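Everything below concerns the one structure shown next.
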Amino acid sequence: MAKISINVKEGTLNTFKKPKNIIVGIDLGTTNSLVAYIEESTGEAVAITDATGSSKLVPSIIHFGKQTIVGNKAKSYLLEQPENTIYSVKRLMGKSYNDIEAKTAYFNYKIIDDNSESLVKIKVGKQFFTPIELSAHILRALKQRAEEALQQPVTKAVITVPAYFNDSQRQATRDAGKLAGLEVLRIVNEPTAASLAYGLGIGAASEKLIAVYDLGGGTFDISILQIENGVFEVLATNGDTFLGGDDVDQAIVDYWLEKNNLAAEEVKNDQSLNQSLRLKAETAKIALSDAPNFSDAIGQIDCSIDRASFEQLIQPLVQRTLKSCQQALTDAELTAADIEEVVLVGGSTRIPLVQKSVEAFFGRKAHKQLDPDQVVALGAAVQADILAGNNKDFLLLDVTPLSLGIETMGGLMDVIIPRNSTLPVKAARQYTTQVDGQANMKIAVYQGERDLVKDNRKLGEFHLKGIPAMPANLPKVQISFIIDADGITRVKAQELRSGVAQSIEVTPQYGLTEAEMGKMLLDSIQFAEQDRSARALQEAIVEAEQIVATTEKFISQNQTHLSKTEITQTQALINTLKATLTNQSSDKDLIHQHIEQLNEYTRPFAERIMDVAIAKAMKGKKV
Ligand code: AMP
1 MAKISINVKE
11 GTLNTFKKPK
21 NIIVGIDLGT
31 TNSLVAYIEE
41 STGEAVAITD
51 ATGSSKLVPS
61 IIHFGKQTIV
71 GNKAKSYLLE
81 QPENTIYSVK
91 RLMGKSYNDI
101 EAKTAYFNYK
111 IIDDNSESLV
121 KIKVGKQFFT
131 PIELSAHILR
141 ALKQRAEEAL
151 QQPVTKAVIT
161 VPAYFNDSQR
171 QATRDAGKLA
181 GLEVLRIVNE
191 PTAASLAYGL
201 GIGAASEKLI
211 AVYDLGGGTF
221 DISILQIENG
231 VFEVLATNGD
241 TFLGGDDVDQ
251 AIVDYWLEKN
261 NLAAEEVKND
271 QSLNQSLRLK
281 AETAKIALSD
291 APNFSDAIGQ
301 IDCSIDRASF
311 EQLIQPLVQR
321 TLKSCQQALT
331 DAELTAADIE
341 EVVLVGGSTR
351 IPLVQKSVEA
361 FFGRKAHKQL
371 DPDQVVALGA
381 AVQADILAGN
391 NKDFLLLDVT
401 PLSLGIETMG
411 GLMDVIIPRN
421 STLPVKAARQ
431 YTTQVDGQAN
441 MKIAVYQGER
451 DLVKDNRKLG
461 EFHLKGIPAM
471 PANLPKVQIS
481 FIIDADGITR
491 VKAQELRSGV
501 AQSIEVTPQY
511 GLTEAEMGKM
521 LLDSIQFAEQ
531 DRSARALQEA
541 IVEAEQIVAT
551 TEKFISQNQT
561 HLSKTEITQT
571 QALINTLKAT
581 LTNQSSDKDL
591 IHQHIEQLNE
601 YTRPFAERIM
611 DVAIAKAMKG
621 KKV
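Structure (structure tokens):
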């Protein structure tokens, strides 16, 4: 909106432009982060440079010295002061020590392991930091960079996360934003942002299938997205959290060592030589993206390599990524030919062999015009612009990566929101009590694909207290799950007759690694048969226990209407059924057989009692 004022002295009109309330898009990356916005005059997404105008990438590195510094300046301390220079914080977001135990060698700083179940903490000097606090340092630096460039306060942002991030990792990212003084309007999946940067889906009424191939420095992700009427849905994701450009560099180092007849062990112990070799390998790799040869030396070590040898060297790595692509397609029940758009993200997609292989795999040209390092941040800016109200016919949807449900009798998993449900989503199911006068009900929330909760992951539990006294099976307890567009889950339990209600927000204690998530999915397939029979057995046991309880109650309440023989015979059948439940070798069929025998025998009693009750009720009534 324009404001007009009059310059009384000169008699002229001044037009002041009210600063636009800019919402920035942030790519909070493992190695590098970026902040971008939509430039008003051009309508183009632009990544913001530092004050010198030279670099758009902010290395995701924090150094704690006399002052806390972030980015390029912090990078130089990585070798000098590894214990107080923090990198790859994103890998720790929403994780417990248990989650990362096998990977601690990767981190040169101190990760606290006093309580393996709780969220990780990082010790720097005498201070302890959570990954949220550390990420907030990076976000603060990005906020500041944006404010300096735009000359106005920046308080709102859209932040991107990998599509496989779970609730706790998304929540942690949101919290980091808050801590940095940013209102996080939306957490957006990185592949969705990358597609938006290419304008995919914008204004398109038709349905489109997109593959986003993201090969960065240390991670690889493939996501299959569907856009329909401007709505994005993640159909499948796959990848490897420890595969990327760093492995390419290592492959070149190994190649040189072999070529120079050097033992890897020897070099490993020489930190500075090791580092020089790795840096040289990265230089060679980048050079080979444009030139057919690279030639150099470190002292006596010949550091040359040609593109053909390089391509041969990295072929297995590329093949691994294509295998993941195939798996993602299979999960989405698609073939490569179904994919209509391919988007390349991440610095390592500049490697010609990677581009060629991905294009050959999907049988089409990929979108690679934009800088692959910036594309996610640029897309986040596009999303921010949509949220700012400049592009209204848009909605962004994601899906649940794993099923969510609660524990029911016998330790069974009852799925309420199935895996791959589109967000936001709401679903509810009714349950009842097991015993007369039951006042409390425990609701344990689980995530996973297995039939028994013991094989799934517990997210939290709470108690619905104060259910008014009622006979078993009469209360109607509705359990509802609500997952918002950011994947934050709220579970509510309400007894519908009385209105008593209780709810929790599931902010899981710690997150899942992508590998664990993959394992959970694989296990559910591998153990499907075993799970099915375990569930059937458990259901039979629960049914038998309920029948035993109701029959015993029935007998004790209706002794006068039953003969002695009937009572002893019923008791005998109950005992036989109970014995099958405790017998390890019983199967569901045997249990059902005994349930049936008990039912058969007692059915006439129920009818008899019913007749007595009706006769009683009719007595004295005039018809
Ligand atoms: P990202 O994590 O997306 O920033 O990607 C960083 C990775 O891309 C690092 O491993 C870089 O060495 C690699 N990279 C950057 N530029 C090139 C290039 N021109 N050719 C090959 N790899 C590159």
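Heads up: the sequence shown at position 141 corresponds to 141 in this note's numbering, and the numbers run straight through without jumps. Just so it is clear, CB atoms sit at the ideal spot from N, CA and C, and this is done for glycine as well. Because the structure is a prediction, the values reported are computed rather than measured.
C-beta contact flag for residue i and residue j at 8 Å
{"i": "D27", "j": "A377", "result": "yes"}
{"i": "G551", "j": "L598", "result": "Checking the sequence shown, residue 551 turns out to be Thr, not Gly. A contact, by the Cβ cut-off of 8 Å."}
{"i": "D247", "j": "L317", "result": "yes"}
{"i": "E83", "j": "Y109", "result": "yes"}
{"i": "C325", "j": "I222", "result": "yes"}
{"i": "V500", "j": "A472", "result": "no"}
{"i": "V24", "j": "Y198", "result": "no"}
{"i": "V158", "j": "N189", "result": "no"}
{"i": "T433", "j": "R419", "result": "no"}
{"i": "S348", "j": "G518", "result": "no"}
{"i": "I62", "j": "L119", "result": "no"}
{"i": "A211", "j": "I351", "result": "no"}
{"i": "I416", "j": "I479", "result": "yes"}
{"i": "A163", "j": "T237", "result": "yes"}
{"i": "T192", "j": "L225", "result": "yes"}
{"i": "I595", "j": "A544", "result": "yes"}
{"i": "P59", "j": "T30", "result": "no"}
{"i": "E461", "j": "K442", "result": "yes"}
Neighbour-count burial assignment, residue i, 16 or more Cβ in a 10 Å radius
{"i": "N166", "result": "buried"}
{"i": "S272", "result": "exposed"}
{"i": "M610", "result": "exposed"}
{"i": "K143", "result": "buried"}
{"i": "Y510", "result": "Bear in mind that the predicted position of Y510 carries a pLDDT of just 44, short of 50, making it too unreliable to give a figure here."}
{"i": "P604", "result": "exposed"}
{"i": "T330", "result": "exposed"}
{"i": "G450", "result": "At residue 450 the sequence reads Arg, which differs from the Gly that was named. R450 is buried by the Cβ-count criterion."}
{"i": "P508", "result": "Because the pLDDT at P508 is just 41, under 50, the model does not fix this residue reliably, and the point stays unresolved."}
{"i": "Q127", "result": "exposed"}
{"i": "A606", "result": "exposed"}
{"i": "P468", "result": "exposed"}
{"i": "A2", "result": "Low local confidence applies: a pLDDT of 36 at A2 is under 50, so the model's placement there is unreliable, and no value is given."}
{"i": "L79", "result": "exposed"}
{"i": "Q151", "result": "exposed"}
{"i": "L573", "result": "buried"}
Residues that residue i bridges to, as DSSP identifies them
{"i": "N238", "result": "I222"}
{"i": "F64", "result": "T68"}
{"i": "K426", "result": "I482"}
{"i": "D306", "result": "N293"}
{"i": "D414", "result": "I406"}
{"i": "H367", "result": "V343"}
{"i": "V477", "result": "Y431, E495"}
{"i": "E505", "result": "R490"}
{"i": "Y213", "result": "I222, L344"}
{"i": "A45", "result": "I38"}
{"i": "E233", "result": "Q226"}
{"i": "Y446", "result": "G405, K458"}
Check: residue i C-beta below 7 Å from any heavy atom of the ligand AMP
{"i": "E282", "result": "yes"}
{"i": "S357", "result": "no"}
{"i": "T31", "result": "yes"}
{"i": "D373", "result": "yes"}
{"i": "R278", "result": "no"}
{"i": "G363", "result": "no"}
{"i": "K285", "result": "yes"}
{"i": "D246", "result": "yes"}
{"i": "G216", "result": "yes"}
{"i": "S348", "result": "yes"}
{"i": "I314", "result": "no"}
{"i": "S289", "result": "yes"}
{"i": "I351", "result": "yes"}
Cβ-Cβ separation, residue j to residue i (assumed contact under 8 Å), whole Å
{"i": "I252", "j": "A291", "result": "15 Å between Cβ atoms; not a contact."}
{"i": "A176", "j": "L139", "result": "6 Å"}
{"i": "A439", "j": "I406", "result": "Rounded, the Cβ-Cβ distance is 19 Å, inconsistent with contact."}
{"i": "R278", "j": "D249", "result": "5 Å"}
{"i": "V382", "j": "A45", "result": "6 Å"}
{"i": "L496", "j": "R186", "result": "So it is not a contact: roughly 34 Å between Cβ atoms."}
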